[in-house]
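**Q**
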Amino acid sequence: MAFQLYNASAGSGKTYTLTKEYLKILLVAPANDAYKKILAITFTNKAVEEMKSRIVESLIAFTEEEVSEKTADFMQEIASEIKLDVHSIQVKSRKILKNLIHNYAAFDISTIDKFTHRIIRTFTHDLNLPTNFDVTLDTDELLKNAIDVVVAKAGEDKQLTDILINFAKNKTDDDKSWDVTLDLYEVSKLILNEEHFFNFGKLSDKSVDDFSKIAEKIKLKIESNKSKIKENSKKILDDFTANNLTKDDFDRGTFYNHIVNLFHEKATDYDFVNDREITVPKKSNNLEVVESFSASWKQKLSIIYSAQNENALFDLIIKNMIPLSLINVIYQEYKQLQEDQNVLSISDFNTIIHNEIKDQPAPFIYERLGDRYRHYFIDEFQDTSQLQWENFVPLIDNALASEDLDGTKGSLMIVGDPKQSIYRWRGGKAEQFIDLSNEENPFSNKDKRVKNLPKNYRSYSEVIDFNNQFFQFLSGEFTNEAYQKLYQETANQEVNAKKGGFVSVSFLNDNIEINDEIADDENITEKDKQYLSKTLEIIQSSIANGFEYSDIVLLTRKTRNGVLLANFLTENNIPIISSETLLIQNASEVKFIINFLEYLNSANNQESKINWLYYVAKEKVSKQEIHQFITETKDLSETDLEKYLSDFECKISFENCRKKSLYEAVENIVHVFLKEKTTISYVQYFLDLVLERNVKYQTSIADFLEYWKKTGFKQSIPSPEGEKAIRIMTIHKSKGLEFPVVIYPFADDSLNPRTNNIWIPMEDESVDMPQALVKNTKVLEKYNDKTNEIYQTKSQEEILDTINVLYVALTRAEEQLHIISSYKVTAKGEISTSKTLATYFINFLEQNANFSIEQKDYVFGNPERKSQPKLFSKNKAEIHAVENALDFSSIKIAKKEALMWGTLQQDAIEFGNILHQILSYIITKNDLQFALTKSLEEGLIQHSQKTIFEEKVNQIINHPELEDFFNPSYTVFTEHNIISPNEVNLKPDRLVIHNNEAFLIDYKTGLPEEKHKNQIENYARVIEKMSVNVSKKVLLYIGEELKIIHL
């Protein structure tokens, strides 16, 4: 079969099926290196490692003399499908494994981002990209910087300034912050969203001025429509006056008030053309008059409603017009930043391939890649974006439509589950998988098979039965037939041999006992407290029923709820692992280092100083002495503070730390203050982060602190396996995972439509804009059939996305599933009509469990544990702290020939060169010792030579003829490039500026030459172009004797 598509619901053995199909290709291939012709694509590094491990472990298991029952069954299943006997499979597996070990790099199972990166690297020359570009994941930061650049231009560009000022005014008029950067960011980040990519392309030719003109046209149309509304409502009011009709001549005065409100431009939701009739009370004597005018009034109202609907749409368009008008400006700055920083955002990969490479013939792409794949596997296809899929189609089509010389035909296997498509916001579309599973086939080879994996191997029967019934029930929420069919036909899974399990659905009870340990925080509502108490109750019950903390996961939709749970459980001494606990910024050791760096960056930062002193005090003195420690140290000079700290075995020089590279400074801080904690994962990860920033960007302390403030604080350590702690994670992060016990609190998210930005066509040709970006509101439903269709489509997509997230959450459970929700009860004792997730649960329970307001808990199955505890047999290797850090000063690499060669001439030349280098480290006379220390650290000189060089440098910096060159009050530049139009880059050894006067000195070795004089004269000529007078020009010849020549 050329193209196989597997619909793999949760727990249905997706990875098992992928592994089996991959192994079948290896085992039937004539050669032992068929893996070289297979490309397997998935979405995370963890999934890559899992698939590779499964394949290699299976091959190893097949080669064993005595195989386990599980391996024997697996081999037998493969043997029956490929018509080989088990012995042949074992022999072939040994050959494949031997070949694979020697060519592991060709074992191509990769993330989709890594593969697209590889394609772009191959085509860097064609794309005019630098060959050494870096890949950045921090796209948001780049975009924010681009917006900052654009906003910073306000005041320089008048048109841009006016637009930003008007935007800020509009925001303040709406009682919002005047800060426009957030709004610009919200619209601009859509550039990087593939769903919006094509739409923005249609506006790429529009300038800021074009958008301004379009906005003016729309405003004129709004005023024209207002006139229409006023004019037609006035005609109806005139009819009232002429025929003596009053409010009393209409039922409840509704129609009369409606017309008055329209005339005065007041909001009104009534529709007397399509929804309501113009009715008259029985007591009125003007029934015939009203009936005679009704048709005329409705005609006028049709004009009014049409104008209203158009204005409502125009208002939406205008609100996004200013940020939209700046899109191209921001995008250009974004691209410029990428070029300046020599980086390429990972989010740009698919766009680049789509624009530049996709239309290349597949054989050419294969040739450039150096590979020719015959077989493709795509895992988690529901997460594949439209661009990613379109970029793959030409490659796959070429493979499916041809065969190798040995007769091997190409194949494609796609595995996924549209019910687990929860990444629409980054391009993943369930619809793409749904279409392929129906009639769509983009390949010239139409040989296709769709197969459902029917059995759930993960969960116990009670969990499977509950989810089957619940999600089939929710299929009724869809009006979209494809979505309805999806949940009707594929949400009903077969059970496995694991019988039993437990499901509970609980609703908050106003009378629930709230745990006393909950902090009285104004940000925590009473409902939050009830959720937390109920969650703790279920955890305690699960532990009592035989589960461990490590068996339990708490799933949340919002990060805030996860933080609440983490804080609450920590206060109740329950061990947890959460995204919050894994953040390195929350480690006290990392906080200490950051505070120390902030102090090094600014010695006046008293807050940071006290914070790091407090940490030192906690480690070095008793609790009672902490206050005294801080009081005694907070106002000390750095010299006195160094002495004070040395009494506590903390010997550090603040000044030396400031002179070191970022990594060396941090390493020194860690060695002095955190010597016993260097093996803590948070500290190790932080050191790795610092080293990466230091090596890649030559980051200073100030630069690193800026990076940390913006995005660095988000870094977290990997989640440890086998920890006896409850896990807290968002539903999105739990995808692909499974847990014995799943607790889903805070299950009450609103089902109201979200007001996301969407694109609508502009049918008014007088407005020179093919489409507009607007908020998705009910206004679109009323405007015309096309916008109504867009609105309904988006509404159905939102329902699908909501139910998909719910599906992912509830199908993580192996044995027990606990849902905690809530609903509002009105004063009449009825359930509120506001739609939340609770609505789904209530409607389901009404049909399946006799729901009533009085009953708060509904259970299915037995809560006693049936499974055996999982044993973690892996022994953790302990990393011991390094007792004594390597003293780099004891390692010297002889860099200069003077340290190795013995001739007097060579020694003299090298002596002068080294002296030259040492002088470049010196700004003022006070830098002598620093310059010598640095020279020792870098291996320029040896300790035995220090005195010789110290004497010679002293001669120079204290020479009376050179006094101005080392004056501490002057501005000094050593070894700085001078860039001037039509000139080569110039680099004088030392340039000193004072009161618009310049002093130049150049160091030389050997005998004076004319070219030396010409060189310094050339420096002076270029400097004087900058309107600076060069009053001193000196050539200093360095040797056994100093020779000073004034020019």
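For the sequence shown, counting from 1, position 310 maps to 310 in full-length UniProt numbering; every step adds exactly one. Just so you know, even glycine gets a beta-carbon here, dropped at the ideal spot from N, CA and C. Being a predicted model, the structure only gives us computed values, none of them experimental.
1. Please state whether DSSP places HIS959 in a helix, a strand or coil.
2. Can you look up PHE999 in the DSSP assignment and give me helix, strand or coil?
3. Decide if THR833 is buried, meaning its Cβ has at least 16 other Cβ atoms within 10 Å, or exposed.
4. Rounded to whole angstroms, how far is the Cβ of ILE55 from the Cβ of TYR16, which I believe are closer than 8 angstroms?
5. Just mark SER227 as buried or exposed, buried being the case when its beta carbon has 16 or more other beta carbons within 10 Å.
6. May I ask you to report which of helix, strand or coil DSSP gives PRO30?
7. Are the Cβ atoms of ASP134 and VAL415 separated by less than 8 angstroms?
8. Return the CA-CA distance between LYS52 and ILE109, expressed in angstroms with no decimal places.
9. By DSSP, does SER110 sit in helix, in strand, or in coil?
10. Give the C-beta separation of PRO745 and THR535 to the nearest angstrom, bearing in mind that I take them to be a contact with Cβ-Cβ under 8 angstroms.
11. Since LEU326 contacts VAL149 with CB under 8 angstroms, what's their CB separation in whole angstroms?
12. Tell me whether the beta-carbon of ILE304 lies closer than 8 angstroms to the beta-carbon of LEU237.
13. Answer yes or no: the CB of ASP435 versus the heavy atoms of the ligand SAM, is any distance below 7 angstroms?
14. Take the Cβ of GLY829 as the centre, count every other Cβ of all protein chains shown within 10 Å, and call the residue buried at 16 or more, exposed below.
15. Would TRP425 be called buried (16 or more neighbouring beta carbons within 10 Å of its own) or exposed?
16. Do LEU705 and LEU554 have their CB atoms nearer than 8 angstroms?
17. Identify every run of the beta strand (DSSP E) within the region 797–837, keeping only runs that are complete inside it and at least 3 residues long; order them along the chain.
18. By alpha-carbon positions, which one of ALA8, PHE966, VAL1022 ends up nearest to LEU986?
19. Which residues share a DSSP beta bridge with SER578?
20. Does the separation of the CB atoms of LEU687 and VAL672 fall below 8 angstroms?
21. Under 8 angstroms by Cβ, that's how I've got ILE923 and SER935 pegged, so tell me the actual separation to the nearest angstrom.
22. GLN585 to ILE353, Cα distance in whole Å?
23. Can you name the start and end residues of the beta strand (DSSP E) that HIS1046 belongs to?
24. Give the straight-line distance between the Cα atoms of THR172 and ARG276, rounded to the nearest whole angstrom.
25. For THR903, count the other beta carbons within 10 Å of its own beta carbon; 16 or more makes it buried, fewer makes it exposed. Which is it?
26. Kindly list the residues whose CB is nearer than 6 angstroms to the CB of SER347, restricted to its own chain and excluding five residues on each side of it in sequence; keep chain order.
27. Mark ARG252 as exposed unless 16 or more other C-beta atoms lie within 10 angstroms of its C-beta, in which case mark it buried.
28. Take VAL953 as the anchor and find which of PHE739, GLN929, PHE293 has the nearest alpha-carbon.
29. In whole angstroms, what separates the C-alpha of ILE956 from that of LYS1011?
30. On the premise that GLN469 lies in contact with GLN488, defined as a C-beta separation below 8 angstroms, what is that separation, rounded to the nearest angstrom?
31. Does SER68 pass the burial test, meaning 16 or more other C-beta atoms within 10 Å, or should it be called exposed?
32. Report the residue ranges of all beta strand (DSSP E) runs contained in full by the region 908–983; include only those spanning at least 3 residues, in chain order.
33. Between THR971, LEU962, SER681, which lies nearest to VAL1034 when the distance is taken from Cα to Cα?
34. State buried or exposed for SER296, treating a residue as buried only when at least 16 other CB atoms are found within 10 Å of its CB.
35. Determine the closest residue to LYS634 out of MET75, LYS620, ASN843, TYR614, with distance taken between C-alpha atoms.
36. Measuring only the C-alpha atoms, how far is HIS125 from GLU356?
**A** Checking against the coordinates, here is how it stands:
1. Of the three classes helix, strand and coil, the one that applies to HIS959 here is coil, per DSSP.
2. Three-state DSSP puts PHE999 in a strand.
3. With fewer than 16 other Cβ atoms from the protein chains shown falling within 10 Å of its own Cβ, THR833 counts as exposed.
4. Beta-carbon to beta-carbon, ILE55 and TYR16 are separated by about 11 angstroms, too far to satisfy the 8 angstroms threshold.
5. If you draw a 10 Å sphere on the C-beta of SER227, you find fewer than 16 other C-beta atoms in it, and that means exposed.
6. PRO30 falls in the coil class under three-state DSSP.
7. No, these two residues do not count as a Cβ contact at 8 angstroms.
8. Near 7 angstroms, if we compare the C-alpha coordinates of ILE109 and LYS52.
9. In this structure, SER110 counts as strand in the three-state DSSP scheme.
10. Right, their Cβ atoms sit about 5 angstroms apart.
11. Not a contact, Cβ separation roughly 12 angstroms.
12. Not in contact: ILE304 and LEU237 (Cβ atoms no closer than 8 angstroms).
13. Inclusion of the ligand SAM in the displayed structure is not the case, the ligand content being empty and no account of it being possible.
14. Around the CB of GLY829, fewer than 16 other CB atoms lie within 10 Å, so the residue is classed as exposed.
15. Under this definition TRP425 is an exposed residue.
16. No, the Cβ-Cβ distance between LEU705 and LEU554 is not below 8 angstroms.
17. Counting whole runs of 3 or more residues, the region 797–837 contains the beta strand (DSSP E) stretches 813–821.
18. For the set ALA8, PHE966, VAL1022, the Cα lying nearest the Cα of LEU986 is the one of VAL1022.
19. Beta-bridge pairing links SER578 to ILE728.
20. No, Cβ-Cβ distance for LEU687 and VAL672 is not below 8 angstroms.
21. Contact between ILE923 and SER935 fails: their C-beta atoms lie close to 15 angstroms from each other, not under 8 angstroms.
22. Cα-Cα distance, rounded: 37 angstroms.
23. Residues 1043–1046.
24. Their Cα atoms are separated by approximately 38 angstroms.
25. At THR903, the pLDDT of 42 sits below 50, so the modelled position is not reliable and the matter cannot be decided from this model.
26. Here the set comprises THR139, LEU192.
27. Answer is exposed; the Cβ neighbour count stays below 16.
28. Nearest in C-alpha terms to VAL953, of all of PHE739, GLN929, PHE293, is GLN929.
29. Rounded to the nearest angstrom, the two C-alpha atoms are 23 angstroms apart.
30. Actually they are not in contact, since the Cβ atoms of GLN488 and GLN469 sit about 12 angstroms apart, beyond 8 angstroms.
31. Exposed, since its Cβ has fewer than 16 Cβ neighbours within 10 Å.
32. Those beta strand (DSSP E) runs which fall completely within the region 908–983 and span 3+ residues are 971–974.
33. It is LEU962.
34. Exposed.
35. Considering only alpha carbons, the answer is TYR614.
36. Using only the alpha carbons, I get a separation of about 12 angstroms.
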